[in-house]
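Enquirer: Let me begin by handing over the structure; questions about it come next.
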Amino acid sequence: MDDDKTLVKKTLAGEKSAFEMIIQKYQQPVVNYIGRMVGERELALDFSQEVFIKAYSSLGSYQSQFTFSTWLFKIASNTVIDYWRKKKLPTFSIDQGRGDDDDSLPFQVPDDKPSTVRKLELRELRQEIERALRKLPPHLKELFIWRHINGLSYEEMAEIKDLPVGTVKNRVFQAKEMLRALLEENP
Amino acid sequence: MSCLRVDQIYLYLEEELSSLERQPVESHLASCVHCREAVAARARLTEAAGTLPDFEIPADFSRRVMSRIFTAKSSPRALLITLAAGFSLLSTTFGVLLLVTGQNLPGLFVSLIQYLWTSLRSLSMTAIKLFKLIFLSVKILFNLIDEFVEGFSTLSGMISPQARIVMVALTLLLFTTLFFVIRRRFFFGENNEK
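These protein sequences, in sequence, are chains B and U.
Position 100 of the first sequence, counted from 1, bears residue number 100 in this note's numbering, the numbering being contiguous throughout.
Position 46 of the second sequence, counted from 1, bears residue number 46 in this note's numbering, the numbering being contiguous throughout.
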């Protein structure tokens, strides 16, 4: 299979099948990301279609020195942000904080009771994680999803959100600690 | 070494520590049950998060996206198809009319043109009558306004200047109130729709 840059070139040259290959390659990651952000499968499918349509429309502005996947996820992220702005959700701004000042992690490992996380079966733990994910603030949830569900690197996420790599790492760790705390709260 | 920080645990699990940083962490873990438990819990959480099920995507997802993109983009072709369809429809209509009326083609054309001409003439007559009606209505309205202004002048001549001032002030107040009421109603109407 051709790499992304070759597929983009072919699409711009008029080869429709090249863009269809791009869709088939990225449909699952994009739907997984949007699905976990908005919490509904049907909505995620609709938004994912919009993401690919926007990507096709603005393919001419894609710069090949950047990774195609990060460019696509940036479009997906903006689509989710627009949806939340229209819904006027009273949550954190998804672009909240550019620095590390609000990304505070507990310094030492908390003195926990025996961990619920370790007691649950993997299948049950996954279900609990899905439930707890809905309670995470959007700006942390997004990075967590990209890291652990989409498998993006910290550098890729930093590029998408235009944040320092250190901030991105801190926020992912913060998301995981928050998730862990939520799981421990509801054994 | 004191117990591990949370960020150290995650960096350790993700193999982001250099060998220089890793060695003291591993030494500490060898002797600290609390930190070993903490690392194990976080490792399990990471493992579970990385294996969450995918959302199901319909088999024709990519085809649907492609048809949304390329249906809008194929307008010259769509135009040709529309023209061809229109021509077929016209030909079929003529064919049916020929069969129904029993006339030949030139005769059918002449009948159609005559029918169109008659329709156009009666439409024009209706339009002219409508314009006359509108013109008369406007004329009557202007006459009414003239009569009203004249009557108002006669009436204001009968009342004192102070009374006139009061009347003007009351009229202005009435119009201002009406303006704000109407404006508010439309404004609220917009907000309620949102």
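Ideal Cβ placement from N, Cα and C applies to all residues, glycine included.
Residues of the segment 2-27 of chain B in Cβ contact with chain U at a cutoff of 8 Å, in chain order, please.
Expert: Here the close residues are Lys16, Phe19, Glu20, Ile23, Gln24, Gln27.
Enquirer: From the DSSP output, which residues share a beta bridge with B/Arg147?
Expert: According to DSSP, which records beta bridges pairwise, B/Arg147 is partnered with nothing at all.
Enquirer: In its own chain, which residues sit with a C-beta less than 6 Å from the C-beta of B/Lys54, not counting the 5 before and 5 after it?
Expert: Excluding sequence neighbours, B/Lys54 sits near Ile75.
Enquirer: Please confirm if the segment 81-88 of chain B is in contact with the segment 98-110 of chain U, defined as three or more CB-CB distances below 8 Å between the two stretches.
Expert: Cβ pair count under 8 Å is below three, so no.
Enquirer: Use the C-beta contact count for B/Arg171: other C-beta atoms within 10 angstroms, 16 or more gives buried, fewer gives exposed.
Expert: Per the 10 Å Cβ criterion, buried.
Enquirer: If we ignore side chains and look at the alpha-carbon of each, how far apart do U/Glu147 and U/Arg164 end up?
Expert: Taking the straight line from one Cα to the other gives about 19 Å.
Enquirer: Would you check if there are 3 or more beta carbon pairs closer than 8 Å linking the segment 22-33 of chain B to the segment 60-74 of chain U?
Expert: Because the criterion of three Cβ pairs below 8 Å is met, the segment 22-33 of chain B and the segment 60-74 of chain U touch.
Enquirer: Is it buried or exposed for B/Gln174, if we count other Cβ within 10 angstroms and need 16 for buried?
Expert: With 16 or more Cβ atoms within 10 Å of its Cβ, B/Gln174 is classed as buried.
Enquirer: Taking 7 Å as the limit between beta carbons, can you name the residues of its chain near B/Val165, skipping five residues before and five after?
Expert: The answer, listed in chain order, is Tyr154, Glu155, Ala158.
Enquirer: Using a Cβ-Cβ distance under 8 Å, would U/Val25 count as near chain B?
Expert: U/Val25 does not count as touching chain B.
Enquirer: The alpha helix (DSSP H) that contains B/Arg171, what's its start and end?
Expert: Segment 165-185, the alpha helix (DSSP H) holding B/Arg171.
Enquirer: Check B/Arg134 in the structure and name its three-state DSSP category.
Expert: Of the three classes helix, strand and coil, the one that applies to B/Arg134 here is coil, per DSSP.
Enquirer: Need the endpoints of the alpha helix (DSSP H) that B/Gly60 sits in, please.
Expert: Unbroken run through B/Gly60: none, as it is neither H nor E.
Enquirer: Note down, in chain order, every chain B residue with its Cβ under 9 Å from the Cβ of U/Thr197.
Expert: With chain U represented from 1 up to 194, any question about residue 197 of chain U goes unanswered, as that position is not in the structure.
Enquirer: So, are the CB atoms of B/Phe68 and B/Lys5 less than 8 Å apart?
Expert: Yes.
Enquirer: From B/Phe92 to U/Leu178, what does the alpha carbon distance come to, in whole angstroms?
Expert: Reliability of the predicted coordinates at B/Phe92 is poor, the pLDDT of 47 falling under 50, and the value obtained from them is presented with this limitation in mind. Computed Cα separation, rounded: 44 Å.
Enquirer: Rounded to whole angstroms, what's the CA-CA distance from U/Phe168 to U/Arg184? Just pull it up for me.
Expert: Phe is not the amino acid found at residue 168 of chain U; the sequence shown has Val there. Going from the Cα of U/Val168 to the Cα of U/Arg184 covers about 24 Å.
Enquirer: Report all residues from its chain with a CB closer than 7 Å to the CB of U/Ser205; omit the five preceding and five following residues, and keep chain order.
Expert: This structure leaves residue 205 of chain U out entirely; chain U is present only between 1 and 194.
Enquirer: The alpha helix (DSSP H) with U/Glu21 in it runs from where to where?
Expert: Segment 19-31, the alpha helix (DSSP H) holding U/Glu21.
Enquirer: CB-CB under 6 Å to B/Lys169, same chain, minus the five flanking residues each way: which ones, in chain order?
Expert: Same-chain partners within the cutoff: Tyr154.
Enquirer: Are there 16 or more other CB atoms within 10 angstroms of the CB of B/Asn32, so buried, or fewer, so exposed?
Expert: Result: buried.
Enquirer: Taking a contact to mean a Cβ-Cβ separation below 8 Å, would you say U/Arg36 touches B/Gln49 in this structure?
Expert: No, they are not a contact pair.
Enquirer: Taking only beta-carbon atoms, is U/Leu29 less than 8 Å away from chain B?
Expert: No, no contact with chain B.
Enquirer: Measure the C-alpha to C-alpha separation of U/Ala161 and U/Gly151 and round it to an integer number of angstroms.
Expert: Just to set this straight, residue 161 of chain U is Pro in the shown sequence, not Ala. Roughly 17 Å between the two C-alpha positions.
Enquirer: My understanding is that U/Arg42 touches B/Arg180, with C-beta atoms under 8 Å, so please give their C-beta distance in whole angstroms.
Expert: 7 Å between Cβ atoms; contact.
Enquirer: For U/Leu155, report the span of its alpha helix (DSSP H) as first-last.
Expert: Its alpha helix (DSSP H) spans residues 105-158.
Enquirer: Counting only the same chain and skipping the five closest in sequence on each side, list residues whose C-beta sits under 6 Å from that of B/Pro29.
Expert: Within the same chain, B/Pro29 has close Cβ partners Asn150.
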